[in-house]
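In the working numbering, the protein residues as written are 9 to 1131. Note that CB positions come from ideal geometry on N, CA and C, so glycine has one too.
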Amino acid sequence: MSANEQSSPLMQPQSAGGEPIAIVGMACRFPGANDLDSFWKLLEEGGNAITENVPGAVGGRMGTLFGEAELPNEACRFGAFVDDIEQFDAAFFRISPVEAQLLDPQQRMMLETTWLALEDAGIDPERLRETRTGVYTGISNDEYRMLVLDTTRPTEAAGSLYALSGTNLNGTSGRVSFVLGLMGPAKAVDAACASALVAVHDAVADLQAGKADIAIAGGVQAILNGRIYELRADAMMLSPDGQCKAFDASANGYVRGEGCGVVVLKRLSEAEADGDRIWAVIRGAAVNHGGASVGLTVPHTPALEAVIKAAHADAGIPPSEVDYLEAHGTGTAVGDPIEINAAATVYSEGRDPDHPLLVGSVKTNIGHLESAAGIAGLMKAALVLKRGVIPRHLHFNDPNPSLDWEHLPLQVTSESMELPQRNGRPRLAGVNSFGISGTNAHVVVEEYCRPDGDGAGAEGAAQIVAASLPAPLAALPLPDEALDPRPTRLLPLSAKSESALRDLARGYLSWLDDRTAEVDSEGAASAPLLSDAAWTAALGRSHFDYRAGVAFDDVDSLRARLGVVAEGAEPVEPRTASKVAFVYTGQGSQWAGMGQALYESEPVARAVLDRCEAVFRAARGASLLDVMFGRAAGQGDLGDTAWEQPALYALECALTALWSSVGVRPSVVVGHSVGEIAAAQVAGVFSLEDGMRFAEARGSLLSGMEGGGMAAVFAPPEQVAAAVEAFNAESDGVGLSIAADNGAHQVVSGPVADIETISERLEAEELRVRRLNTAKAFHSALVEPVLEGLEASLEGVEIRSPELTVISNVTGRPVEPDTRLDPAYWKRHARHAVAFAGGVESLAELGVDLVVEIGPDSVLGTMATLCWPSGKAAPAALASLRRPPRDGSSPEPEAGFVDAVAAGYEAGLDIAFEGLFAGEARRRISLPSYPFQRELHWVEATKQRRLGAGHPLLGARHESARGEVAFETEVFPSDPAWLEDHRVFGRYVAPGALYGAMAATASLVEEGSSSLVIEDMQLHNPLVFAEQSSDEGAPEEGRRMQVVLDTAEGASARQVTVFSKGTEEGWTVHLEGRVLPGAPMPEAGERIDLDELKARLSQADVSDYYRAKAATGINLGPFFRTL
């Protein structure tokens, strides 16, 4: 995210003065279209997402809306529904399952769709925290609240804070702001069917007034309550034949639809400055009300005309220039002519007769989304302007005869057609949205044409990426010359679970397959499409714990590595890197060509290397880089210490600067021998140039010392030290020295003959010994003749105390604060053994969990992990560069810096990805969006209510011709909920009191009496529920229950019988008896002295009582524990 997007919540609002507003991101979840691409495909192919639903059909929405009851109205058979509305990725948004179950699907859809819209905009949602980003949601219905209140435990659910916050309409925008940490305005707009477009209007106004810097605007609708459906059908608003036939003679109402759409809005100037991909530009918007017109629910022609004119006045564009109108177009006999006549009046003035206004409505494809209708229309209009095609308006076969079509300056687009070009000017569209309560909204949308004259284009304008330098090198001049394209790119993938990461990789593979011709023709990683993909994925996505750093050189390697991630061949675990150590490699790691690829493609690396080169040339009159890159035959030998040490220093400083440019800085540094010079420079001990002069002088001095040799002995330090001490006791010469303690092996240094002799002795003791490829005996007595010159080379150099923790090679311990690594220290450093194993122990004590090797090859990282203290977890280790194969057997180049960044990303480093694109011009493009891992989160209404029952205990009432009344309901082990609290020998069994309660209640309800007497009541059979399936998702088996009451005329006593029936058996009698409605209560018997009774009773432990019950097989839950 650029600086323009990073807004403090405390900034004072700045007036934007009516500036045009850019749509920089869009996402949707509509009927038949779960994303933007499928939405356009549905429109382009003339698709129809309206479905006819059969009550009781498996997977149908009718079960949620009407249960198994007959549909109350034929118009209720039709709808346009989204897939899997009951599912949600609660874990992604850190919402508990308990809260998610009570969260309105409208809030869920708004959360997910907002995230996807921000991704489409190339904005990392995590970077918006504490910014003045506003959220504006059009929402009208709260049908899930009705479902929550109708759960099996309504009191518990309704009293829950989660239920309140989860089902309030005003919580929708607030939920998005809360989850994303946004601090701009948060508004929920209820303007009936105009809600979403009014929300867009408010968002535009706040952006123009400077009240917000980014706006998230949209609308959402979920259809979950059959009664609401029925009311609309009874009001004759819905089409009985199930189609939205806007403007057709057969138009007879609309079909209800649901879904969610979200747009991300920014001021146009800032969107262009940030290099955003712009879908379209909102030039004007207006909202009004019909006032005291013919009726509240009837559109008012003058008001419709006025709102269109007001939007154009806001835009400063005459209506005659508009090319396409996305109409409200619900398909009603009353509304269609009013809308068309209003449009004709406004758009006809000054219009060229050869360019009629083209009209269509998305409702013919996806139904009327009510509160989300306006956003669907706006998104369609933006796509029309971007694609240059108007999709077919469906069901327009016989124009509405009440309209004078021949003289109207408009044309309904009954066939797909190209959007005409307009003499070089941007094309324009209008969007209507009208609410049933009289609110009208209109938005004027303009095709976006880039300032560079490159037409609308599929993507945004390219943005130059500034190079980033670490603070110590901030004054470093960057090269002006053009560099080679970067040969390797990094595509960072991340998710909140391993399964989501695999799905994301599959999404990228599909994305590549959809662009086969384009990517295959470009091929290389540096190609614009693949580079822009890497840029957008890096900067336009959040980075989660499950990661895959996909480094690639061309499209084939990209496909191969994505395939590995998609298949899950390598397990992925979340990792964190809280404390990073940079370890700087010493001699022996160099190779011809090291750093050349970085020099040719990375401006930061080139700047550092050029600066070191200038110092070296001043000292030697020769080019260090020519020798490093193997292009100066005979001028120098990289194996010669005089060249090797300054080359290592220059490369390691360049690599450190590169790591810093991608946001990775060490907490602690340690070098191995000469590597400590670069480590000290990074810690601020001396300047880049002074460090280079010292490395050059040190290399020259050590190159001139007497020849010698070195050997690595794989044995404990005590054993090697004893062997060296014994050898020196016998020697007449300078003797041998321990040059380094590397933990797993020790390095012995001294005269060549002595090295050969001790090596043979140790090998005879069956110790492994490896001679090192060096002609000098570093860190031995042979160094002593040059030590004075080494110390003198630092005279006059400003040496400062380290700004970072430095682990000393001399002691293996951290350098004390305020300690200066003065010339005397560097003299000791050259002679003293390298205490690398001690340094590693210090790293472990400091809590280092990631070791980054700074050097031309992987040497120290492995060595550090091998000697890491056994009581502490070994850190992850990665190498900045790797030497190419020595034998030439592999055509692959060396593993470069981008590979190291990819490994660091997977290790949990926070990467500032801009550094990988420094100096380039990159643009944001559309990429695969996050694959939410949705799970079921839903509340169930009581089964009786879903079956349409009337009385909460008895169910529905039926009469027979023989004078009997039957009440019928269905019970389940979980419904009523208290049945779960009554088990006998592990089976759910209805309590006997249930039959008596049903018999008595049926008599009281039927007779309207306040009292009754039950006689001769007989209990025959228990109601035992069938064994329930253990399969997850298997339906619960219940039993139908009937209470039959004989109400034959003249009978004083009524016969009452309680029955039940399973799915595959006949009726079972549970209770029989007679009831006498209205009978007087029996006379009271002799009074009992309660105090005297209590005195005769003994205390009992209630818990013991219930335990004894359980021992007999009767398990009573809380509902039945009333003692």
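Checklist line | 6 Å Cβ shell around proline 28 - same chain, five flanking residues per side excluded | finding: Leu276, Val289, Arg291
Next item on the list: Can you have a look at threonine 1071 and say buried or exposed, based on whether 16 or more other CB atoms are within 10 angstroms of its CB?
Entry: exposed
Checklist line | CB-CB length for arginine 497 against valine 906, believed under 8 Å | finding: 7 Å
Next item on the list: Determine the direct distance from the alpha carbon of tyrosine 262 to that of glycine 87, and round the result to whole angstroms.
Entry: 10 Å
Next item on the list: Count the other C-beta atoms from every protein chain shown that fall within 10 angstroms of the C-beta of valine 106, then say buried if there are 16 or more, exposed otherwise.
Entry: exposed
Margin query: Which residue marks the beginning of the beta strand (DSSP E) containing cysteine 457, and which one marks its end?
Written below: Where cysteine 457 is concerned, there is no enclosing beta strand (DSSP E), given that its DSSP letter is neither H nor E.
Item checked: Element boundaries [beta strand (DSSP E), containing lysine 317] -> Segment 309–323 is the alpha helix (DSSP H) holding lysine 317; no beta strand (DSSP E) there.
Next item on the list: Work out the CA separation of glutamate 610 and alanine 929 for me, nearest whole Å.
Entry: 14 Å
Check: Can you check whether the CB of serine 788 is closer than 8 Å to the CB of arginine 779?
Finding: no
Check: How many angstroms separate the CA atom of glycine 67 from the CA atom of leucine 377?
Finding: Unreliable placement is indicated for glycine 67, whose pLDDT of 43 sits below 50; no coordinate value is reported for it.
Checklist line | Where lysine 49 falls: helix, strand or coil (DSSP) | finding: helix
Item checked: Cβ neighbour criterion (16 or more within 10 Å) applied to alanine 957 -> At alanine 957 the pLDDT is 48, less than 50, meaning the model places this residue with poor confidence; the figure from the coordinates comes in the next sentence. By the 10 Å Cβ count, alanine 957 comes out buried.
Check: Quick one, are the C-beta atoms of glycine 707 and threonine 664 less than 8 Å apart?
Finding: Not in contact: glycine 707 and threonine 664 (Cβ atoms no closer than 8 Å).
Note to self: Using 8 Å as the threshold, is the C-beta distance between proline 674 and valine 588 below it?
What the structure shows: yes
Margin query: Taking its Cβ as the centre, do 16 or more other Cβ atoms sit within 10 Å of leucine 1105, making it buried, or is it exposed?
Written below: exposed
Checklist line | Helix, strand or coil at histidine 403 [DSSP, three-state] | finding: coil
Check: Among residues of its own chain, excluding the 5 on either side of serine 104, which ones have a beta-carbon nearer than 6 Å to its beta-carbon?
Finding: none
Next item on the list: Report the three-state DSSP secondary structure of proline 500 (helix, strand or coil).
Entry: strand
Margin query: Just verifying my parser: in three-state terms, what is the DSSP assignment at histidine 840?
Written below: coil
Notebook entry, point to check: So what does DSSP say about phenylalanine 637, is it helix, strand or coil?
Noted result: coil
Next item on the list: State the Cα-Cα distance for the pair methionine 1025 and glycine 1081, rounded to the nearest angstrom.
Entry: 4 Å
Check: With serine 247 and asparagine 233 assumed to form a contact (beta carbons below 8 Å), what rounded beta-carbon distance in angstroms separates them?
Finding: About 19 Å; that fails the 8 Å criterion.
Margin query: Going by the DSSP bridge assignment, what does asparagine 750 pair with across the sheet?
Written below: DSSP output for asparagine 750 lists no bridge partner at all.
Notebook entry, point to check: In terms of alpha-carbon separation, which member of Glu329, Asn408, Glu455 lies closest to leucine 391?
Noted result: Glu455
Note to self: Counting C-beta neighbours from all protein chains within 10 Å, is the total for proline 1126 16 or more, i.e. buried, or is it exposed?
What the structure shows: exposed
Item checked: Straight-line Cα distance separating tyrosine 1114 from leucine 1131 -> 10 Å
Next item on the list: Spatial neighbours of leucine 1027 within its chain, please: CB distance less than 8 Å, with the 5 preceding and 5 following residues excluded, ordered by chain position.
Entry: Gly1000, Tyr1003, His1078, Leu1079
Checklist line | CA nearest to the CA of serine 502, picked from His450, Val580, Ser711 | finding: In terms of CA proximity to serine 502, Val580 leads the group His450, Val580, Ser711.
Note to self: Could you check whether alanine 196 and leucine 177 sit closer than 8 Å to each other, using their CB atoms as the reference points?
What the structure shows: In contact: leucine 177 and alanine 196 (Cβ atoms closer than 8 Å).
Notebook entry, point to check: Does the segment 832–849 come close enough to the segment 672–686 to have 3 or more Cβ pairs within less than 8 Å?
Noted result: yes
Next item on the list: Express the C-alpha separation of glycine 548 and proline 500 in angstroms, rounding to a whole number.
Entry: 11 Å
Item checked: CB contact flag (alanine 885, valine 859, <8 Å) -> yes
Check: Given that a residue counts as buried once 16 or more other Cβ atoms are within 10 Å of its Cβ, and exposed if not, what is leucine 790?
Finding: buried
Check: Can you tell me the Cα-Cα spacing of aspartate 989 and aspartate 983, whole angstroms?
Finding: 11 Å
Margin query: Between which residues of its own chain and glutamate 1132 is the CB-CB distance below 6 Å, once the five residues before and five after are set aside?
Written below: Residue 1132 is absent from the structure shown; the chain starts at 9 and stops at 1131.
Notebook entry, point to check: Looking at the unbroken alpha helix (DSSP H) that takes in cysteine 252, where does it start and where does it end?
Noted result: Cysteine 252 -> no alpha helix (DSSP H), and no H or E assigned at all.
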